[in-house]
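Peer 1: Dumping the structure here so I can ask a few things about it.
Number of protein chains: 2
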Amino acid sequence: MTSADLRTRNQVRLLRAVHDAAAPFTRAEAARLLGIGRNTAAALVGELEAARLLHEVPAEAGGRGRPTTLLVPHPQGPLAFAVDFREDTWTLASVELGGRITELEGGEHDRTPRAFADIRAAVARHESDRLAVLGFATSGPIRDGHRLHISHLGWDEVDLGALVGDDWPVTVIDNDARLAGLAEARRGALRGKGTAMHFHIDFDIGGTLLLGGDAQRGAHNVAGEFGHMPLTGSPLECMCGVRGCWSLDVGANALVRRFGTRPGYGEGRGLAREVLRRAEDGDAEATEAVDANAAALGRGLGALANALDPEAISLSGLGVDLIRLRREVIEAHCAEGLMAFRRDEPPQILAGTVGAAGPLTGAAEIAWDAILDPDRVRERLQPKR
Amino acid sequence: MTSADLRTRNQVRLLRAVHDAAAPFTRAEAARLLGIGRNTAAALVGELEAARLLHEVPAEAGGRGRPTTLLVPHPQGPLAFAVDFREDTWTLASVELGGRITELEGGEHDRTPRAFADIRAAVARHESDRLAVLGFATSGPIRDGHRLHISHLGWDEVDLGALVGDDWPVTVIDNDARLAGLAEARRGALRGKGTAMHFHIDFDIGGTLLLGGDAQRGAHNVAGEFGHMPLTGSPLECMCGVRGCWSLDVGANALVRRFGTRPGYGEGRGLAREVLRRAEDGDAEATEAVDANAAALGRGLGALANALDPEAISLSGLGVDLIRLRREVIEAHCAEGLMAFRRDEPPQILAGTVGAAGPLTGAAEIAWDAILDPDRVRERLQPKR
DNA sequence: CGGTTTTTGTTCTCGATGTGAACATAACAG
DNA sequence: CTGTTATGTTCACATCGAGAACAAAAACCG
Chain A
1 MTSADLRTRN QVRLLRAVHD AAAPFTRAEA ARLLGIGRNT AAALVGELEA
51 ARLLHEVPAE AGGRGRPTTL LVPHPQGPLA FAVDFREDTW TLASVELGGR
101 ITELEGGEHD RTPRAFADIR AAVARHESDR LAVLGFATSG PIRDGHRLHI
151 SHLGWDEVDL GALVGDDWPV TVIDNDARLA GLAEARRGAL RGKGTAMHFH
201 IDFDIGGTLL LGGDAQRGAH NVAGEFGHMP LTGSPLECMC GVRGCWSLDV
251 GANALVRRFG TRPGYGEGRG LAREVLRRAE DGDAEATEAV DANAAALGRG
301 LGALANALDP EAISLSGLGV DLIRLRREVI EAHCAEGLMA FRRDEPPQIL
351 AGTVGAAGPL TGAAEIAWDA ILDPDRVRER LQPKR
Chain B
1001 MTSADLRTRN QVRLLRAVHD AAAPFTRAEA ARLLGIGRNT AAALVGELEA
1051 ARLLHEVPAE AGGRGRPTTL LVPHPQGPLA FAVDFREDTW TLASVELGGR
1101 ITELEGGEHD RTPRAFADIR AAVARHESDR LAVLGFATSG PIRDGHRLHI
1151 SHLGWDEVDL GALVGDDWPV TVIDNDARLA GLAEARRGAL RGKGTAMHFH
1201 IDFDIGGTLL LGGDAQRGAH NVAGEFGHMP LTGSPLECMC GVRGCWSLDV
1251 GANALVRRFG TRPGYGEGRG LAREVLRRAE DGDAEATEAV DANAAALGRG
1301 LGALANALDP EAISLSGLGV DLIRLRREVI EAHCAEGLMA FRRDEPPQIL
1351 AGTVGAAGPL TGAAEIAWDA ILDPDRVRER LQPKR
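Each protein sequence line maps, in turn, to chains A and B.
Residues in the first sequence are numbered consecutively from 1, following the working numbering.
Residues in the second sequence are numbered consecutively from 1001, following the working numbering.
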């Protein structure tokens, strides 16, 4: 830690404050926020402006006092690109400091690794020297950051190094469920929660433990497979190779199973939505299926809350519908799974507010985390030395 | 972040390095370790010596070069006291920088909150101006840091503020299972593991998730009740108010249940050891009980590994015996609970090396964490300003 | 409309911090 | 005894943030 580190550190703190803020703030507010003098703030901002990391625009006068400037992203500043790579489609977006997202392009793909080449081409179409880091969201666990498994695409241990070639911009990659959770923690329902959890419910349940706004990644980067714990006593065998997984009782597969549909991907998702609709219309069997789903969900959440003590739990995917339709069922079974002494302060169960943009938003966040890394910021501030 | 913060920060880094090191190191090594110049190191150490936080002793020459000094705890430096408060006994120890433990006193207690007064008296008998922070390990969850539940002592929501009075030294408190895990992470089997878990197996299973050498505490400080997740499909009702808890199949209660002993505390623990002994001697029914215990343990560990992806898992209490007697059973059932793609790199399952000293050692660690807090260190370095 | 108040920007001095280079010191090796 | 090696020590230096004093620009008030 040298004096130069000190300066960089304060500049990163300032940039992070701008990035994380819900709304732009002024230079004077920044000084108060960081606990530094107005003179120091002026120096920091000045250097950041010169490095095209921050821009000052006149703030509309808001009371007495000399007018000040608003700190906004620099119009020529670095950009993060974010990719949401889904089952059969992808989306590319550009994200500026502060998190504003501009969708650039989207497409379908043929479920083969060739898709990565298409995406690279799309990135190239929009690339400029402003592009700093590319954040990539994909489904499936990514072991050690490069060994990708996407079971429903039949990708088993695909090497990301081969897909993301040396000609790519600096790329950071993580799985969609974890990134959706990160998005909620940074810009959604879990904002400000010190300990929280997020679950994305689709065919499967993936999620993440969020600590202080950061996602827990595990020793091999494959933490978060909460759906593959035997929390509801299912006797069935799961596609993952284990018996009794929670996901067998919660999510699309469980919703459609009693209607004779084979577990899997594709039409199953549409049918699951259909079951939800029918339950909403009062259909008895659908209602029963949804109730069972909600109950199993709640039971599992209670168990996890015992172990990890989150302040709040947010849900995305089908979880949003389950909360809307059956909040009481979820909460009742959650309480039943909670140790008695905890029942007076159960975890809040929240619908995610970032919604379908979760993976994309999360990918942007990890890309910006890389851009705002102290070493990279310093490099940008002192290009030569 | 001011210049003064920078100095404090480097001094704390140095003190932490000394505290965490397995063996004392020299001032020159410290400079290399922290990446600072020898002159800076001399200045830092000089001030820390003046503040009685560090002491320099001549190092025996180890080759060429001008002789240097070893950085050791100051003989008049601050001490942490650590208390391990158990079911019916307590231990008080003194711990110096670096973690060397000196047992001071121990006693029995009558299972009423009066024990806290006895402990306070013992602390007073050994108190000096060197005592900086008292670390306290107790069983049971401590909600929000002050609402204590120890079910087997019949303590329900006892207010720690009333037990730990204003006349106590600065006191930090946490539960024994979490502190045992912290001890393993800092000075035991989990040293150097970025993501790890620890479980203490007694009547119950308590544990903690350890991230970067720190224990995850949860939103209300009651994280770690992994034993109260339904991981093994037990149909029984647990004392905690939930059905199917993992602890019902693992630990002392499960070991003795089939032998007609009521679940609970006291003689049950002795009987559990007896069952282990008989299993070791080849008794069929005892063997069956121990096998079932080990299997349930492994099954749960596999499930938790799916969710949290630890590099290693350490066990204390009965877990040590189960590893010694039935490692294969544990590992086989763990693998069965692991998602297929994980089975080629399962978490290491380790016997804790800190042993019965876990809670005491962990209590010392949180006490030293408090002593090495930057604010406190700065206070000690600049007593007046 | 002009003076006052309030808030922020700007400038300058100052103490503190770590760096780097040069030199001094104390052991060991031959 | 002399050279080598590793470490301690000293000093000039650049950088950083703090703090105070002052300037500037708006709103408020009578």
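Beta carbons: idealized from backbone N, C-alpha and C, even for Gly.
Just so we're clear, the structure is a prediction, and the values are computed from it rather than from any experiment.
(1) From this set, B:Ala1356, B:Glu1047, B:Glu1336, which residue's C-alpha is nearest Gly1181 of chain B's C-alpha?
(2) Kindly indicate the opening and closing residues of the beta strand (DSSP E) around Phe1199 of chain B.
(3) By the DSSP assignment, the alpha helix (DSSP H) with Thr1040 of chain B in it spans what residues?
(4) Between the alpha carbons of Asn1010 of chain B and Glu1029 of chain B, how many angstroms are there, rounded?
(5) Would the stretch 341-355 of chain A count as touching the stretch 64-75 of chain A if we require 3 or more Cβ pairs under 8 Å?
(6) Would you report the Cα separation of Glu280 of chain A and Arg243 of chain A, rounded to the nearest angstrom?
(7) Strictly under 9 Å for the Cβ-Cβ distance: is Ala1042 of chain B near chain A by that measure?
(8) What residues from chain B crowd round Glu311 of chain A, counting only those whose CB sits closer than 9 Å?
(9) What is the DSSP secondary structure of Leu372 of chain A, counted as helix, strand or coil?
(10) With 9 Å as the threshold, decide whether the Cβ of Arg1385 of chain B is near any Cβ in chain A.
(11) Assuming the contact rule is C-beta atoms closer than 8 Å, Leu79 of chain A and Ala132 of chain A should be a hit. Round their C-beta distance to whole Å, please.
(12) What does Ala1028 of chain B reach in chain A if we use C-beta pairs closer than 8 Å?
(13) Give me the chain A residues within the contact set of Val1242 of chain B, using Cβ-Cβ distance strictly less than 9 Å, ordered along the chain.
(14) Touching or not, the stretch 307-322 of chain A and the stretch 187-205 of chain A, by the rule of three or more beta carbon pairs under 8 Å?
(15) At a CB distance below 9 Å, what residues from the stretch 1173-1200 of chain B approach chain A? Give them in sequence order.
(16) Whole angstroms is fine: what's the gap from Gly1207 of chain B's alpha carbon to Ala1177 of chain B's?
(17) Which bits of chain B does His389 of chain A rub up against, with CB to CB less than 7 Å?
(18) Taking any Cβ of chain B, which residues in the stretch 345-360 of chain A have a Cβ under 7 Å from it, in chain order?
(19) So, does the CB of Arg1299 of chain B fall closer than 9 Å to a CB anywhere in chain A?
(20) Could you compute how far the alpha carbon of Ala121 of chain A sits from the alpha carbon of Gly260 of chain A?
(21) Which term fits Arg13 of chain A, buried or exposed, when burial requires 16 or more other beta carbons within 10 angstroms of its beta carbon?
(22) Are the beta-carbon atoms belonging to Phe203 of chain A and Gly268 of chain A less than 9 Å from one another?
(23) For the alpha helix (DSSP H) containing Gly1298 of chain B, list its first residue and its last residue.
(24) Identify the contact partners of Gly211 of chain A in chain B, using a Cβ-Cβ distance below 8 Å as the criterion.
(25) Under 7 Å Cβ to Cβ from Glu1365 of chain B, same chain only, skipping five residues before and after it: list those, please.
(26) On the three-state DSSP scale, how would you describe Arg1385 of chain B?
(27) What are the start and end residues of the beta strand (DSSP E) that includes Asn1253 of chain B?
(28) Ignoring anything shorter than 3 residues or poking outside the stretch 185-241 of chain A, list the beta strand (DSSP E) runs there in chain order.
(29) Let me see if you follow: with CB-CB separation under 9 Å, is Pro1024 of chain B close to chain A or not?
(30) Less than 9 Å between the C-beta atoms of Val95 of chain A and Arg1342 of chain B, yes or no?
(31) Beta-carbon within less than 6 Å of Val170 of chain A's beta-carbon, same chain only, minus the 5 sequence neighbours each way: which residues are those?
(32) Opposite Gly1317 of chain B in the DSSP bridges: which residues?
(33) Flag this pair as yes or no: are the beta carbons of Phe418 of chain A and Ala137 of chain A separated by less than 9 Å?
(34) Taking just the CA atoms, how far does Glu1328 of chain B sit from Glu1345 of chain B?
(35) If I measure Cβ to Cβ from Met1229 of chain B and keep anything under 6 Å in the same chain, skipping five residues before and after, which residues do I get?
(36) Quick check on Arg1032 of chain B: buried or exposed, where buried means 16 or more other Cβ atoms within 10 Å of its Cβ?
Peer 2: The structure says:
(1) B:Ala1356
(2) 1195-1201
(3) 1038-1050
(4) 15 Å
(5) no
(6) 31 Å
(7) no
(8) Gly1218, Ala1219, His1220
(9) coil
(10) Note that Arg1385 of chain B scores 47 on pLDDT, short of 50, meaning its location in the model is unreliable and no value can be drawn from it.
(11) 6 Å
(12) Residues of chain A passing the Cβ test: none, with the nearest at roughly 19 Å.
(13) Gly302, Ala303, Asn306, Glu336, Gly337, Leu338, Met339, Ala340
(14) yes
(15) Lys1193, Gly1194, Thr1195, Ala1196
(16) 5 Å
(17) The structure shown does not extend to residue 389 of chain A, since chain A is modelled only from 1 through 385, so no value can be given for it.
(18) Glu345
(19) yes
(20) 42 Å
(21) buried
(22) yes
(23) 1284-1308
(24) In the sequence under discussion, the amino acid at residue 211 of chain A is Leu, which differs from the Gly named in the question. Ordered by position in chain B, the residues that pass the 8 Å Cβ test against Leu211 of chain A are Leu1211, Gln1216.
(25) Leu1182, Ala1183, Arg1186
(26) Note that Arg1385 of chain B has pLDDT 47, beneath the 50 cutoff, so the model's placement of it is unreliable and the number below is only indicative. It is coil, neither helix nor strand.
(27) Premise fails: Asn1253 of chain B lies in the alpha helix (DSSP H), 1252-1257, not in any beta strand (DSSP E).
(28) 195-201, 205-211
(29) no
(30) no
(31) Val133
(32) B:Ile1201
(33) Absent from the structure is residue 418 of chain A, since the part of chain A shown begins at 1 and ends at 385.
(34) 16 Å
(35) Trp1246
(36) exposed
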